[in-house]
Amino acid sequence: GTPSLDVWHMDSRRFGASYRSSEYTVARTKEVYETYYDVKYPGHEWQAGRPLRVSPAYMRLVELGATFGEKSGWERANWFEPNAARGEESLRPRGWAGKLWSPATGAEHLACRETAALFDESSFAKIEVAGEGATDFLERLCGNRVARNVGQVTYTQMLNSRGGIECDFTVTRLSEERFRIVTGTAFGQHDLAWLAQHEPDDGSVQIRDVTSQLACYGIWGPSAREILQPLTTTDLSNDAFPYMHARKLAAGRVPCLALRVTYVGELGWELYCRTEFGLALWDTLWSAGQEHGLVAGGYKAIDSLRLEKGYRVWGADITPEDTPFEAGLGFAVKLDKGDFVGRDALERAPRPERLLRCLTLEEPRAVALGSEPVRIDGHLVGRVTSGGHGYTVGKSIAYAYVPAEHGVGTDVEVEIFGDWVAGEIAAEPLFDPKGERIRS
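Numbering of the sequence shown is given in my numbering, commencing with residue 5 and proceeding in unit increments.
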């Protein structure tokens, strides 16, 4: 069976391969104990045992002035401090949310919207599912239809028997009997375990973690095509290479698999290559982008960009307690495709009593980060799932589940560090609501 509540923060599957090392585990445990009473501001990063897992471009990120965070043992650029000179110090969030913050985040966000930004996403977990039974296996587990043409990419969830969201990722069909799942850095072990739990015992399906075999860089922004097209003979036009498709190509000297996907709401691609080509690929993209104003971006900018587009984060906005229809992800569920885990529960369920809503706050520097109380008409109705500042729309953004009867325009209040900040339920996404930029 599965727990009736979201127990992710107590789930052993949140620990990745780094914890298989006793030296790393002891060092991290010692640090936690020794700093137990220290004040830890939002965004605090543990230091013991670092660096451990690094991407092929790690030293390039160091040279560019990256401020690193750590997730599942991976060193990941939160932002690049030299970019702070292009940012706005006046936007520093008030209170604790502004303690571990840099104007570089806003600069990288706006560069992605206005020109282009390059992100190192090599830490993203990558899982391959192959075999003669792979298609039926994934169709049985996924709410969306993944049995599409070779080269198509599908955004989908895997559900539990109650219809709750257990996994949230993209699936690329590489061949008739081979698929690649890409999921969040911290969720690889969890998603592998969910797949293994349902794996048939007849040998028809093989599941492999290929995270460390592949580097991945995301290049997004209005200039992304101008930067990438001269590097390849593959036609990158919208007609030849549409959104949510994958193509093999060479970027300069480097053989890649390019996915036209986005988690930031801009035109662009994720480029995957074997790890040994990773440094050359970064250098190729970085060099090609300089005349176009390409900027190196970090994960804090990604988070801000995705908030403006309403892209959900598993473990925060969506959990095993939430169904796709409550979370606004009904478009990714195909009830007519045949049986899949959770389908019966979704079909039996009444109309949702609560919905994930986008909230915008009147005070741009009042930033909610998660778990802050939300009230409507003086009554507590929910808590913030995630939030941050949207540098393009110029608003403080938060997401929260609220009773379904409260629609767009409803006044809300969010408690941030003891103060109730006024806001309203907004139509989402706040940025590019027709999705024209990602399909340009």
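Backbone N, C-alpha and C fix where the C-beta goes; we use that ideal spot for every residue, glycine too.
Note that the structure is predicted; figures quoted are calculated from it, not measured.
Rounded to a whole number of angstroms, what is the C-alpha to C-alpha distance between residue i and residue j?
i	j	result
A292	T236	12 Å
D415	E409	13 Å
E432	A108	26 Å
W100	L196	35 Å
A52	H194	24 Å
E67	H296	20 Å
R278	S216	9 Å
G391	S16	26 Å
V133	Y45	40 Å
G222	A250	14 Å
G20	S76	5 Å
T6	N164	8 Å
V157	P377	37 Å
G411	L360	11 Å
L261	Y37	44 Å
G155	E118	29 Å
V348	A404	According to the sequence provided, residue 348 is Asp. The question's Val does not apply to it. If you take the alpha carbons of D348 and A404, they lie about 26 Å apart.
N242	K130	26 Å
P65	G256	The question names Pro, but residue 65 in the sequence shown is Leu. Roughly 21 Å between the two C-alpha positions.
D42	R32	15 Å
L339	W318	22 Å
Y23	S444	43 Å
V186	G382	42 Å
T389	V11	15 Å
E440	F245	15 Å
S25	K252	36 Å
G346	T39	43 Å
R18	A254	35 Å
Compute the distance between the beta-carbons of residue i and residue j, then report whether it is under 8 Å.
i	j	result
A120	I231	yes
G285	L275	Note that residue 285 corresponds to Leu in the displayed sequence, not to Gly. Yes, they are a contact pair.
L145	F344	yes
S375	R387	yes
E85	W50	no
A372	A402	yes
V418	V385	no
P204	F123	no
L104	H48	yes
L263	W273	yes
V258	T238	no
E143	G342	yes
A138	V209	yes
Comparing C-alpha positions only, which one of the options sits nearest to residue i?
i	options	result
D213	F191, E181, V157	F191
G135	E180, T174, K103	E180
V150	T176, F128, E170, L163	T176
Y159	V337, C220, Q193	V337
H265	A228, H13, P368	Note on residue identity: the sequence assigns Val, not His, to residue 265. It is A228 whose Cα lies nearest to the Cα of V265.
G334	D321, A320, L350	L350
C220	G137, Y62, H393	Y62
H13	E118, A320, R361, N153	A320
S106	G413, S444, H393, S59	H393
E312	V43, Y395, R355, R182	Y395
Y315	F173, L253, P368	F173
G413	F245, G439, I380	I380
D423	E440, T389, E367	E367
L218	A200, P55, R184, G207	R184
F1	P60, P55, E35, Y303	Beyond the ends of the chain as shown, which are 5 and 444, falls residue 1; an answer cannot be given.
Keeping to the same chain, check which residues put their C-beta closer than 8 Å to that of residue i; ignore five residues upstream and five downstream.
i	result
C116	W224, G225, V268, E270, V299, G301, A305, L309
A499	Here the chain covers residues 5 to 444 and nothing more, so residue 499 does not appear.
Q233	L240
R152	T158, R177
P437	A431
E27	G53
G356	Note on residue identity: the sequence assigns Pro, not Gly, to residue 356. Hits under 8 Å: T327, F329, E330, A408.
So, for residue i: in the same chain, excluding its five sequence neighbours on each side, which residues have a beta-carbon less than 6 Å away from its beta-carbon?
i	result
A111	N87, R90, G91
A370	S400, I420, V425
W290	none
G102	R96
E125	C220, G222
Taking 7 Å as the limit between beta carbons, can you name the residues of its chain near residue i, skipping five residues before and five after?
i	result
W78	R57, S127, T189
F72	E79, R80, A81, N82
W198	M162, E170, C171
R98	R369, A370
With residue i and residue j assumed to form a contact (beta carbons below 8 Å), what rounded beta-carbon distance in angstroms separates them?
i	j	result
V397	L434	5 Å
I429	Y247	At roughly 28 Å, the Cβ-Cβ gap does not stay under 8 Å, so I429 and Y247 are not in contact.
G147	P324	So it is not a contact: roughly 13 Å between Cβ atoms.
Taking 7 Å as the line, does the beta carbon of residue i fall inside it for any heavy atom of the ligand NAD?
i	result
S106	Here there are no bound small molecules, and the ligand NAD is not part of this structure.
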